[in-house]
Structures are given as structure tokens and as C-alpha cells.
């Protein structure tokens, strides 16, 4: 009797993110009978589809998406959906306020505070919604919303909460001008979360036009052109006053640590001036200004 052992690998999987190919183990047992011309050959194959075989083979579990990798389309979001059909969202500006977050995501759950390393907040993004609501001031360039961008050595106090998988298409449409990243927050005492969370990060004008607008001037006009905005991401603009006040109050209501972190780790578009410095100089008086009556609840911190 003789035993031969061999490994064979299937062709590469269609999924480009697959980190390994599962080999097929072939065990061949050959028994020779007294009749030289009548060999009996038995093949025992351990196939990946077999539950019994699977239980006896160790398979390393690897995430399909690495931290800070881009979620380019809806199918990418599938890779970070939890087993119970939820997706984590990371809030860094207005979403520091649970009340504000619930105005956008009424059914969110598990709202909590977290830490995110390697990013900074920057007011360098023109937001059409501020023009629609009449709170932007184009004459003084106080038109900016908030985004984040990678920055080594920076740490942000953020919020994290879960929404249903079914809410993702609406979320992507609403935040169309951002780059969606899968990031791994941690608790305030340094324990990494189990699942990646979606972060709305800085995009670029070229990518927005070519990818999100499909190179169409008509599509761009619908999103920005009709507001006479020809450039989204800029380094010569200032925060929308009502929005900045809202974010500062949201951070303050969250905790003293979140408040100080927002003031010292959020920058103007020059990437030099912190919000603490700005509120003591050119932005003085912003915190004393009340939002319009119709927006007091939404922008009340």
C-alpha cells in the first residue's frame, strides 16, 4: 500500500480583496491486490464546500478592507457591514451632537464617544447647503463646512454610532463631495473598535468632477454650478459662522475633553490657525451670535 499527498491551488478568486486562496488537499490511497493488472485506486478529497472538512482546517480571518482605505462605491460598504446589518458612522463636526445626528439619522443606535488617530479637522470645503439656508456669507468668504484629512501625529475626539445598511445609499448621495474612508476608531482608553467606521474625508475637485459627476458639466451644475461655485476644496475660505458655533457647542456639550480637542485640533483652511486662535481674533463674536429662528434647533449645538 502507498500514500501520496499533494496540494493544488484553484485559479485566483474574482474578488481582488481576497487575501488568500484555499488549497485543495488531495489524499490518494493506492492498494495493490495479488492480481498485478487489477489495481484498486481510492481518492479522498477534502473540499472547501464540506462542513466536516471546514471544521478541521484552520482558516485565518482577515478584514476585507484595511483601515483608511477608500470606500469607492456602495459595494465597498458591504465589506464593513456588521453581522447584524449595521454600519458605523464617525462624526467629527455637527455629528458630535446626538440631537443633530438624529435629525439626519433618526434611527441611529449606540451613540458614543471615541478617539481617531492620524487625522485633523479643516474648514476648507464650500457647502451649498449653507447658501440654501441663507447662513453663508460669500462677501466675507465665510462659507466653509468641515472635513477631515490625514495628518500624522494628530488625534481627534469623535463620535461613533450605527445606522442600518439600507440607509447607506441616501448617506452617500447626501455626502457626495466627500471621500469615504473606512477607519478604525478606538475607545478613549485606547482599545480598538471591532468594526471599521465610515469617515467623510477631504476629496478633490478633479475627482469630484470626473468620478461623482462622470465628467458632466450638467451634473456638476446641479450640485454646485447653480450656486456659482466653481471650486469646492479651497484654502482661502473661512468657516460659516453659524455652523462653526454649532460645532463648538456640540463639542462642549459632549465633554470638556472633546471641547478642548475641537478648539486645538481643528484648523482654518491655512492649516496653521486653530479654532481657539481664530475665535480669539478674526472670529471673535461668533459664539455670541444666535442662528436664525428657523435653524435654532438644528444649529443649537
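Numbering (my numbering), first residue to last: 4 to 304. We put the CB at the ideal spot given by N, CA and C, even for glycine.
Cβ-based neighbour list, residue i, same chain, cut-off 6 Å, excluding 5 preceding and 5 following
| i | result |
| --- | --- |
| residue 63 | Reliability fails at residue 63, whose pLDDT of 35 lies under 50, so the model's placement of it is uncertain and the value that follows must be treated cautiously. So the list is empty, once near-sequence residues are dropped. |
| residue 130 | 148 |
| residue 114 | 101 and 164 |
| residue 120 | 158 |
| residue 240 | 144, 146, 147 and 272 |
| residue 60 | Confidence in residue 60 is poor, its pLDDT being 34 and thus under 50, which makes the residue's placement too unreliable to answer from. |
| residue 253 | 99, 100 and 304 |
| residue 256 | 304 |
Range covered by the alpha helix (DSSP H) that runs through residue i
| i | result |
| --- | --- |
| residue 220 | 220-226 |
| residue 212 | Residue 212 -> no alpha helix (DSSP H), and no H or E assigned at all. |
| residue 131 | 131-135 |
| residue 280 | 278-283 |
| residue 233 | Segment: none, residue 233 is in no alpha helix (DSSP H) and carries neither H nor E. |
| residue 87 | Counting along the chain, residue 87 falls outside any alpha helix (DSSP H), and DSSP gives it neither H nor E. |
| residue 77 | 77-80 |
Close-in-space but distant-in-sequence residues of the same chain around residue i (CB under 8 Å, 5 per side omitted)
| i | result |
| --- | --- |
| residue 167 | 88, 89, 90 and 110 |
| residue 233 | 227 |
| residue 154 | 121, 122 and 123 |
| residue 205 | 125, 127, 128, 150, 151, 152, 181, 182 and 236 |
| residue 178 | 203 |
| residue 285 | 241 |
| residue 77 | 171, 172 and 175 |
| residue 270 | 123, 124, 125, 126, 276, 277 and 278 |
| residue 243 | 130, 133, 138, 139, 140, 145, 146, 147 and 148 |
| residue 198 | 83, 85 and 91 |
| residue 218 | 212 |
Unbroken beta strand (DSSP E) run spanning residue i, endpoints
| i | result |
| --- | --- |
| residue 271 | 269-271 |
Beta-bridge partners of residue i, as assigned by DSSP
| i | result |
| --- | --- |
| residue 242 | 147 |
| residue 299 | DSSP, once it has assigned bridges, lists no residue as partnering residue 299. |
| residue 140 | 145 |
| residue 291 | Bridge partners of residue 291: none, in fact. |
| residue 72 | 185 |
Spatial neighbours of residue i in its chain, beta-carbon cut-off 7 Å, leaving aside the 5 residues before and after
| i | result |
| --- | --- |
| residue 189 | 117, 118, 195 and 196 |
| residue 136 | 298 |
| residue 93 | 119, 161, 163, 186, 188, 200, 201 and 202 |
| residue 73 | 182, 183 and 184 |
| residue 40 | Annotation note: pLDDT 41 at residue 40 (below 50); position unreliable, no value reported. |
| residue 260 | 160 |
| residue 238 | 127, 272 and 273 |
| residue 281 | 271 |
| residue 80 | 74, 90 and 171 |
beta-carbon residue i near the ligand MN non-hydrogen atom, thresh 7 Å
| i | result |
| --- | --- |
| residue 114 | Ligands are entirely absent from the displayed structure, and the ligand MN is therefore not among its contents. |
8 Å Cβ cutoff, residue i in contact with chain B
| i | result |
| --- | --- |
| residue 195 | Reference to chain B is not applicable here, since this structure consists of a single protein chain. |
Restricting to runs no shorter than 3 residues, where is the beta strand (DSSP E) found entirely within the stretch 89-128?
89-94
Is it the case that the stretch 243-252 contacts the stretch 283-295, given that we only count it when at least three CB pairs across the two stretches are under 8 Å?
yes
Okay, do the stretch 95-111 and the stretch 205-215 touch, 3+ Cβ pairs below 8 Å being the bar?
no
So, does the stretch 263-278 touch the stretch 118-132, judging by three or more C-beta pairs under 8 Å?
yes
In chain order, what are the residue ranges of uninterrupted alpha helix (DSSP H) at least 4 long that sit wholly in the stretch 143-203?
171-177
Evaluate contact between the stretch 187-199 and the stretch 215-223, counting only Cβ atoms and requiring at least three cross-stretch pairs below 8 Å.
Taking a cut-off of 8 Å on C-beta distances, the stretch 187-199 does not touch the stretch 215-223, as fewer than three cross pairs fall below it.
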